[in-house]
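Our numbering puts the sequence shown at residues 2 to 622. Positions of the beta carbon are idealized from the N, C-alpha and C atoms, including for glycine. Small disclaimer: the values here were computed from a predicted structure and weren't measured. Here the structure comes first, spelled out in structure tokens, and everything after it is commentary.
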Amino acid sequence: MSGFNKNCSPLVKKLIDWFSNKSMRVKLLVSFSVPVVLIFAVLMTVIFIRLSGDYRRQIMSSSDKSYDQAYTVLDSYISTMVYASDKICYDGELQNTLSAVTFNGQRPYDIQFREFWDLDAIFSSAESNDIIYRAKIYIPDDIIYSSNTKHFDAVSKLEMREDYQDFVAASHNGLPYFTLPEAVSLQGETQTVQVVSLLRDVITTDGTNISLGVEQISIRQDLIDQVLEQSDITHSGFVYLLNNKKDLISYTDDATASKLSQSGIDLSLGADTGTWNQISLWDQSYFYRKQTLAAAGWMLVALLPEAEIYAQSKEIGLIIFFLSLLAIFLIVLISYALARFYVNRIDTLSKTMQRVQKGDLNLSLASSAQDEIGSLFDSFNYMTKQLRALMAERYRSGQALKAADLRALQAQINPHFLYNTLDWINWQALDHNAPEIAETTRNLAQFYRLSLNRGQQVTTIGDELILVKAYVNIQRHHLDQGLQLKIDADETVLNLACINLILQPFVENAIVHGISGPLGGHQLAIDIRVKRKADQVQFEIQDDGKGMTPQQVKQLAQEHKSDGGYGVYNVRSRLQLCFGAKALVAYQSQLGVGTRVLLTIPALDVQTCENIIKGYKLEND
Numbered sequence: 002m003s004g005f006n007k008n009c010s011p012l013v014k015k016l017i018d019w020f021s022n023k024s025m026r027v028k029l030l031v032s033f034s035v036p037v038v039l040i041f042a043v044l045m046t047v048i049f050i051r052l053s054g055d056y057r058r059q060i061m062s063s064s065d066k067s068y069d070q071a072y073t074v075l076d077s078y079i080s081t082m083v084y085a086s087d088k089i090c091y092d093g094e095l096q097n098t099l100s101a102v103t104f105n106g107q108r109p110y111d112i113q114f115r116e117f118w119d120l121d122a123i124f125s126s127a128e129s130n131d132i133i134y135r136a137k138i139y140i141p142d143d144i145i146y147s148s149n150t151k152h153f154d155a156v157s158k159l160e161m162r163e164d165y166q167d168f169v170a171a172s173h174n175g176l177p178y179f180t181l182p183e184a185v186s187l188q189g190e191t192q193t194v195q196v197v198s199l200l201r202d203v204i205t206t207d208g209t210n211i212s213l214g215v216e217q218i219s220i221r222q223d224l225i226d227q228v229l230e231q232s233d234i235t236h237s238g239f240v241y242l243l244n245n246k247k248d249l250i251s252y253t254d255d256a257t258a259s260k261l262s263q264s265g266i267d268l269s270l271g272a273d274t275g276t277w278n279q280i281s282l283w284d285q286s287y288f289y290r291k292q293t294l295a296a297a298g299w300m301l302v303a304l305l306p307e308a309e310i311y312a313q314s315k316e317i318g319l320i321i322f323f324l325s326l327l328a329i330f331l332i333v334l335i336s337y338a339l340a341r342f343y344v345n346r347i348d349t350l351s352k353t354m355q356r357v358q359k360g361d362l363n364l365s366l367a368s369s370a371q372d373e374i375g376s377l378f379d380s381f382n383y384m385t386k387q388l389r390a391l392m393a394e395r396y397r398s399g400q401a402l403k404a405a406d407l408r409a410l411q412a413q414i415n416p417h418f419l420y421n422t423l424d425w426i427n428w429q430a431l432d433h434n435a436p437e438i439a440e441t442t443r444n445l446a447q448f449y450r451l452s453l454n455r456g457q458q459v460t461t462i463g464d465e466l467i468l469v470k471a472y473v474n475i476q477r478h479h480l481d482q483g484l485q486l487k488i489d490a491d492e493t494v495l496n497l498a499c500i501n502l503i504l505q506p507f508v509e510n511a512i513v514h515g516i517s518g519p520l521g522g523h524q525l526a527i528d529i530r531v532k533r534k535a536d537q538v539q540f541e542i543q544d545d546g547k548g549m550t551p552q553q554v555k556q557l558a559q560e561h562k563s564d565g566g567y568g569v570y571n572v573r574s575r576l577q578l579c580f581g582a583k584a585l586v587a588y589q590s591q592l593g594v595g596t597r598v599l600l601t602i603p604a605l606d607v608q609t610c611e612n613i614i615k616g617y618k619l620e621n622d
């Protein structure tokens, strides 16, 4: 070590000298904790980098899926509109009626009315599709039913539209024209609906290509808005839809849309991108993706703030940082405890040897470790071996006596003491005008009296239902009266036998999985129905809680213990051990609806059921 010090810099030499002069406890503390802390810091850094990268990839993957789903749904809406327009355009009856030379307003009214009903059925059929809100056609003004406004309208109104010339230009190119959102209402109605429409020339199908009218297929604006809202998976993200003139059709946030429109930025953000690219807007970095819906010329654009994605990574980093601080604190604490343990052994040996030097030979040092310090302890103890053996024997005898006394005291604590104590608490609560405490105490006493069941496994169905009522009454106080229990049991089954504590775990799981957090005013209703079917008894436990996924149901059936009680797995095992294949437990659960449990056991009297269990015990003994 002295040679090493000579070759070190002055700073390192001072550090070595400082460390050498410290106590053994400090040296052991530094030796134990510093390497572990360094390794842990490197490990946490690697984990943070990996988790941050995985989280970003997960966000981008989810955004991809949401964007693709929105694109597919919008494309299906457009396809539905085009299909509906094709169906109307190529309808034989419509073609024959509109292309007739006599199609004008000079015909008798009765002929025109019959014609109206025939054509009206065609457009009503198109509206039978859930996507299509309105289908109509613009016809000459002199037709008597041109003012219907639902399925027919005057061509003069079409010509008065602000975008009429855009429609004409599209028609000359043989393309359908999609309008911007507009408010529409039926004749005589004041309430309006925002719709996006497809305008298309109805052309003769005999090869003459003569325009017979203009059809309009409309879908509700809120359908498009809903698709965009569902595709925006981040808090500050923005998704919008443009037409081929770069006018906004729909968007997810009014403030961002206004800011984007006033900025003078090209809303289309350039060419289509199959993946996420980066762009700078308002001095912030965004990921964006854009694709064109070719059938309508619409452009779907999504913006994801890069800062929001990395904000989650920073949150993960803070969590890891604070967990690391806690871990480092525990590492130092454990290192200090270990250092103190080893140093204390040396101090003990030193002090004991000093006492031996003064003539006190009635000493011993106990050490189970086979290290160097343990070897010193063994050498010291060689001189007082017989005395140590006697003291150790006396110590073990005293410990055994204490353990026996403790077991004897524990055996005196029996259920009667528990019942009497709960009964005393009940009367004390009534004396102090605390009815809720009294009621809870009575329910608790009843619950434990029935659950302990004098040490017997078999009880009656009636007692089991009373036990469940007591349990729910206790839980109702815990949950601010947020529970409702309804029991519907046939009178014929109440005296039949069942194994103790087979319903309460299912009710407990209904409360745990049905509520999973503060009730927020919601009443959890639990219905228990007990019926006899031939030689079987069927229990049905149903709640209207949160429900569970299939994976949660599977996990619940495999858990050996629930929170604070027997698990569903244990109930199933007890039933199968007692009744074999005749006992059945089945779960039915749906998220947002609730959970239903069906439990079936043989219909037996108490004596027969007890004989079955005794036979099982004898067989297995």
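Who are the near neighbours of residue i in its chain, counting only those whose CB is closer than 6 Å to its CB and skipping five residues on each side?
i: TYR472; result: PHE448, GLN505
i: ASN454; result: THR460, ASN501
i: LYS532; result: ASP491, GLN539
i: GLN400; result: Because the pLDDT of GLN400 is 42, which lies under 50, any placement of that residue in the model is unreliable, and the number read from its coordinates should be weighed accordingly. Hits under 6 Å: none found.
i: VAL333; result: SER34
i: ASP406; result: Because the pLDDT of ASP406 is 39, which lies under 50, any placement of that residue in the model is unreliable, and the number read from its coordinates should be weighed accordingly. Cβ neighbours of ASP406 beyond the five flanking positions: none.
i: LYS615; result: none
i: PRO551; result: none
i: ILE144; result: GLY106
Spatial neighbours of residue i within its chain, please: CB distance less than 7 Å, with the 5 preceding and 5 following residues excluded, ordered by chain position.
i: PRO603; result: ASP536, GLN537, PHE580, LYS583
i: LYS247; result: LEU268, SER269
i: GLU611; result: VAL459
i: GLN96; result: THR205, THR206
i: GLY565; result: Residue confidence for GLY565 is low, a pLDDT of 41 falling below 50, so the modelled location carries little weight; the figure read from the coordinates is stated next. If we look at GLY565 and ignore the five residues flanking it on each side, it has no Cβ neighbours.
i: TYR343; result: LEU29
i: PHE153; result: LYS137, ILE138, ILE140, TYR146, SER147
Ends of the alpha helix (DSSP H) at residue i?
i: TRP118; result: 110 to 127
i: TYR165; result: 165 to 173
i: GLN485; result: It is not in any alpha helix (DSSP H) - GLN485 instead sits in the beta strand (DSSP E) that spans 484 to 490.
i: GLN577; result: 569 to 580
i: LEU468; result: 462 to 479
i: SER157; result: 156 to 160
Can you list, in chain order, the residues of its chain with a C-beta nearer than 8 Å to that of residue i? Leave out the 5 residues immediately preceding and following it.
i: ARG57; result: ILE310, TYR311, SER314
i: THR235; result: ILE60, SER64, LEU305, PRO306, GLU309, ILE310
i: ILE462; result: ALA490, VAL494, LEU495, ASN496, LEU497, ALA498, CYS499, VAL531, VAL538
i: LEU242; result: LEU75, ILE225, LEU229, LEU249, ILE250, SER251, TYR252, TRP299, MET300, LEU301, VAL302
By how many angstroms is the C-alpha of residue j removed from the C-alpha of residue i?
i: GLN70; j: ASP254; result: 20 Å
i: ASP164; j: CYS90; result: 22 Å
i: ALA42; j: ILE320; result: 14 Å
i: ALA303; j: THR441; result: 57 Å
i: SER148; j: GLN292; result: 40 Å
i: ALA526; j: GLN577; result: 29 Å
i: LYS15; j: THR46; result: 31 Å
i: LEU484; j: LEU445; result: 17 Å
i: LEU261; j: LEU200; result: 29 Å
i: LEU12; j: VAL27; result: 20 Å
i: SER172; j: ASP202; result: 7 Å
i: ASP167; j: VAL196; result: 18 Å
i: TYR383; j: ASN345; result: 21 Å
i: SER21; j: GLN355; result: 26 Å
i: PHE104; j: LEU176; result: 26 Å
i: ALA272; j: ALA170; result: 24 Å
i: ALA258; j: GLY515; result: 41 Å
Measure the beta-carbon distance from residue i to residue j and round it to whole angstroms, keeping in mind my assumption that it falls under 8 Å.
i: MET549; j: SER590; result: 4 Å
i: VAL185; j: ARG135; result: 7 Å
i: ILE329; j: VAL38; result: 5 Å
i: VAL586; j: LEU600; result: 5 Å
Go to residue i, then tell me how far its beta strand (DSSP E) extends in each direction, as first and last residue.
i: LYS137; result: 135 to 140
i: ALA256; result: Counting along the chain, ALA256 falls outside any beta strand (DSSP E), though it belongs to the alpha helix (DSSP H) covering 255 to 263.
i: THR205; result: Counting along the chain, THR205 falls outside any beta strand (DSSP E), and DSSP gives it neither H nor E.
i: THR293; result: 285 to 294
i: THR601; result: 595 to 603
i: LEU243; result: 239 to 243
i: ASP227; result: The question names Asp, yet the displayed sequence has Gln at residue 227. No beta strand (DSSP E) holds GLN227; the alpha helix (DSSP H) holding it covers 222 to 232.
i: ALA587; result: 585 to 591
Looking at chain D, is there any beta carbon in it that lies within less than 7 Å of the beta carbon of residue i?
i: VAL196; result: Of the protein chains in this structure there is only one, and it is not chain D.
**Prompt:** Does the pairing of the region 69 to 83 with the region 120 to 129 give three or more beta-carbon distances under 8 Å?
**Reply:** Cβ pair count under 8 Å is below three, so no.
**Message:** Using 8 Å as the cut-off, can you tell me whether the region 473 to 483 makes contact with the region 544 to 558, which would need three or more C-beta pairs spanning the two stretches below that distance?
**Reply:** no
**Touch test, the region 208 to 225 against the region 134 to 152, Cβ-Cβ under 8 Å, three pairs minimum** = yes
**Request:** Check whether the region 96 to 109 touches the region 174 to 181, counting contact only when three or more Cβ pairs, one atom from each stretch, lie closer than 8 Å.
**Result:** Proximity of the region 96 to 109 to the region 174 to 181 falls short of the contact definition, fewer than three beta-carbon pairs being nearer than 8 Å.
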